[in-house]
Amino acid sequence: MSLVVMHDATRTFGHGRRQRAALVACSFEADAGEIVGIVGPNGAGKSTLLRILSGTIALTSGVALVSGFRVGTRTACRRVGIAPDPPVVPAELTGAEWLSYLASHRSRSVRQRARLVGDAIETAELADFVGRRVGTYSRGMLQRLSLAAAAITGMEVLLLDETLSGIDPLVHRRLRQQVIRLAERGRVVLVASHDLTAVERLATRVLVLAGGVVRADVATSRLLAERVAELTLTGAALACAGRLLARYRGAVRTGTGVAVPLHGGVTVEQILAACREDRIAVVASRVRYRALEDILVAAVGAEANVA
Amino acid sequence: MSALSLQAEVVIGGLLVARHRAFHFAVALAFSLFLLAGASGAGAAAIHTMIVAAGSLGAVAGMRLLAPGAPLVSVRRVAATWWVPPAGRLAGAALFLAPVIAAGALGLIWPDEGWGMAVRAAILCWVFAATWAACTLALAPLLGAGSAGAIGLIAVWLGGISPSAVHQLLDGAVYLQRPAVLAWNVLPLGWRAARALSGSAGDWVLLVAWLAGGLVIGAWAASRPSDGGVLREGAA
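Quick look at the structure:
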């Protein structure tokens, strides 16, 4: 059974002419052990999706289940841990007091509580500052405390909203390993982030959201199996990039030229020959793995075309 | 519900109140009132001073317990049995109200009225403070902590006026007079607390009923989603 199920989940805000859809007919399932990345531009619906699963806001229509229970019910809430963006922790408490408070609600004995708090401190590497008041924490420290808190409350589903941003690269690397370990212990982890490289490294699967709609649901292993030809163009050739975009399905503009997916038998040689034919001067070309950014740019481009 | 959950709520209730600036100001205000009343030989007005100080402390403490932000979000996050967070937190806050109220009773009531009256006054003021803490606790998730605290403070400070005085005050405004007098009779105001000291059981019942009502409304307000949607329990 999937731990997380969303079927035609829609959430709108406001009424009448001011009504705005934050999430539209979102459907997906996630099993234990999966790490699902959620990427998309600002306002795509990433945080809304996580807040619905955590029970913070209700659905307008559709179904969302956690371990078979409707989201927002007490039974479902007790299985979900969320690290929201920005982190929400009382500034008056110390990190240890906050974790101990949360652990008390998930423990049957003092010993179990101490173990939960100890594990959480170790997971998020909080030992150096956990005794200090939260009001004195830096952004990175708060993010780590938020991750530890989510690990305590989310025994089955972990929702991380930009939790790994603002953390130094070395700690970031170790925290990624910890998140993978949490997933290996049977949790579903949903990670919403703008840091595409981090999502590529962490997630087993990625949902691309744009305008509240799921535009793509891609396994990260598939990204490695696909190749992209990246052409660097300058001057007048850049103005002709539109012809390449029209000719090759899935081609997108990059900062310096065009990226063309190599699928359906298309080769770099064919593309370069076509450029010569159309008198498009190519300054440089290279072949790389398909990046999450390509999928995101294509999805947002599709949204712009629909609009 | 485990004993650890309740204990955790009592502890966090105490910490949220005891470490917040607003409560520190309220304690300073209460001691200033006690000093002022003691220095000016308050006599019969001593109990009214005690009631106003205790109510103010309660209103300020209560507004923190389910304040929008981390205190409120934490209730949803731990998903405890519905009555545990508000009741536990109120109990934690009440522990910090007790010594201030006891000090007031010791300084203002005991010298003139003796031990018996001082203890009764302290218990009454503690219940009155807890009642207003429960009321502002219930209002905070709906109106915000600042508004809830302000409403509580205004009610506590104006509540010493008796209903007959309100009736006289609004003699010219018939449409306002009736609802105002009705409200003055129904709300847990200071004049009623002062009367409760003379032994009327009905006044005690009303104060405790408001305390219980505040906790129930607070629990409801804290457990609903932030946009007010309705959630149903059970497997789908």
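As they're listed, the protein sequences go chains A and B.
Mind the numbering: the first sequence is residues 1 to 307 in my numbering, read in order.
Mind the numbering: the second sequence is residues 1 to 236 in my numbering, read in order.
Every residue gets a Cβ at the ideal spot worked out from N, C-alpha and C, and that includes glycine.
The model shown is predicted, which means the values in this text are computed figures rather than measured ones.
DSSP-derived helix/strand/coil call for residue i
| i | result |
| --- | --- |
| F13(A) | strand |
| A32(A) | coil |
| M63(B) | helix |
| I57(A) | coil |
| A222(B) | helix |
| G55(B) | helix |
| D8(A) | strand |
| S164(B) | helix |
| D112(B) | helix |
| A25(A) | strand |
| A192(A) | strand |
| F69(A) | strand |
| V171(A) | helix |
| A238(B) | With chain B covering 1 to 236 only, the question about residue 238(B) has no answer from this structure. |
| A149(A) | helix |
| G62(A) | strand |
Closer than 8 angstroms at the beta carbon, the chain A residues around residue i
| i | result |
| --- | --- |
| P71(B) | P90 |
| P225(B) | G55, T56, I57, A58, G72 |
Whether residue i touches residue j by CB criterion (8 angstroms)
| i | j | result |
| --- | --- | --- |
| V282(A) | L238(A) | no |
| G55(B) | A129(B) | yes |
| R215(A) | V208(A) | yes |
| T56(A) | A22(A) | no |
| L4(B) | R79(A) | no |
| T49(B) | A61(B) | no |
| V71(A) | L3(A) | no |
| S138(A) | V117(A) | no |
| F34(B) | L153(B) | no |
| A210(A) | V300(A) | yes |
| G253(A) | A236(A) | A small fix is needed here, since residue 253(A) is Arg in this sequence, not Gly. Result no, Cβ atoms of R253(A) and A236(A) do not sit closer than 8 angstroms. |
| A58(A) | P85(B) | no |
| V134(A) | P169(A) | no |
| W191(B) | G159(B) | yes |
| A30(A) | V36(A) | yes |
| P163(B) | V174(B) | no |
Under 9 angstroms from the C-beta of residue i: neighbouring residues of chain B
| i | result |
| --- | --- |
| L93(A) | I12, L15, L16, R19, A70 |
| C26(A) | Neighbours of C26(A) on chain B: none; closest Cβ ~17 angstroms, over 9 angstroms. |
Residues near residue i by beta carbon distance below 8 angstroms, same chain, minus five either side
| i | result |
| --- | --- |
| A25(A) | D8, A9, T10, G62, V213 |
| A13(B) | Reading the sequence as shown, one finds Gly at residue 13(B) and not Ala. Cβ neighbours of G13(B) beyond the five flanking positions: L65, G88, R89, L90, A91, G92, A93. |
| A102(B) | A122 |
| A222(B) | L66, L72, V75, R76, P85, P86, P141 |
Listed by chain order, chain B residues near residue i by CB distance under 8 angstroms
| i | result |
| --- | --- |
| T153(A) | R77, V78 |
Residues near residue i in its chain [Cβ-Cβ closer than 6 angstroms; skip 5 each side]
| i | result |
| --- | --- |
| Y289(A) | L224 |
| I271(A) | A229, V260 |
| T60(A) | T10, R11, T12 |
| L207(B) | V127, T131, P188 |
Start-to-end residues for the alpha helix (DSSP H) that takes in residue i
| i | result |
| --- | --- |
| T136(A) | Element bounds for T136(A): n/a, residue is neither H nor E. |
| P261(A) | First-last for P261(A): 257-261, but that is the beta strand (DSSP E), not the alpha helix (DSSP H). |
| S21(B) | One detail in the question is off: residue 21(B) reads as Arg in this sequence, not Ser. Note, R21(B): alpha helix (DSSP H), 21-39. |
| D119(A) | 110-123 |
| L176(B) | 174-186 |
| V130(A) | V130(A) -> no alpha helix (DSSP H), and no H or E assigned at all. |
| T75(A) | 74-77 |
| Y101(A) | 95-104 |
| V266(A) | Careful: V266(A) lies outside any alpha helix (DSSP H) and carries neither H nor E. |
Cross-chain neighbours of residue i in chain A, by beta carbon under 7 angstroms
| i | result |
| --- | --- |
| A8(B) | Y101, S104, H105 |
| P141(B) | Result: empty, since nearest Cβ-Cβ is about 13 angstroms, beyond 7 angstroms. |
| L176(B) | The premise fails here: L176(B) is roughly 34 angstroms from chain A at the closest Cβ pair, so nothing lies under 7 angstroms. |
| L95(B) | Those do not exist, as L95(B) stays about 16 angstroms from chain A at its closest Cβ, beyond 7 angstroms. |
| S2(B) | R108 |
Segment limits, beta strand (DSSP E) that includes residue i
| i | result |
| --- | --- |
| L233(A) | 227-233 |
| R288(A) | 282-289 |
| I82(A) | 80-83 |
| V88(A) | It is not in any beta strand (DSSP E) - V88(A) carries neither H nor E in the DSSP assignment. |
| D217(A) | 213-219 |
| L143(B) | Taken as a continuous stretch (DSSP letters only), L143(B) belongs to no beta strand (DSSP E), being part of the alpha helix (DSSP H) at 115-143. |
| L238(A) | Where L238(A) is concerned, there is no enclosing beta strand (DSSP E), although the alpha helix (DSSP H) it sits in stretches over 236-239. |
| A79(B) | That residue, A79(B), is in no beta strand (DSSP E); it is neither H nor E in DSSP. |
| A210(A) | 205-210 |
| V10(B) | Segment 3-18 is the alpha helix (DSSP H) holding V10(B); no beta strand (DSSP E) there. |
| V157(A) | 157-161 |
Other residues of its chain near residue i: CB distance less than 7 angstroms, five sequence neighbours each side excluded
| i | result |
| --- | --- |
| A67(B) | A140, A145 |
| T163(A) | A83, Q143, S146, L147 |
| E125(A) | R144, V171, R174 |
| R18(B) | The identity of residue 18(B) in the sequence shown is Ala, whereas the question assumes Arg. If we look at A18(B) and ignore the five residues flanking it on each side, its Cβ neighbours are F96. |
8 angstroms Cβ cut-off: residues of chain E touching residue i
| i | result |
| --- | --- |
| P86(B) | Chain labels in this structure do not include chain E; the protein chains are A and B. |
Interface partners of residue i on chain B, CB under 7 angstroms
| i | result |
| --- | --- |
| R78(A) | A79 |
| E97(A) | L15 |
| R113(A) | L4 |
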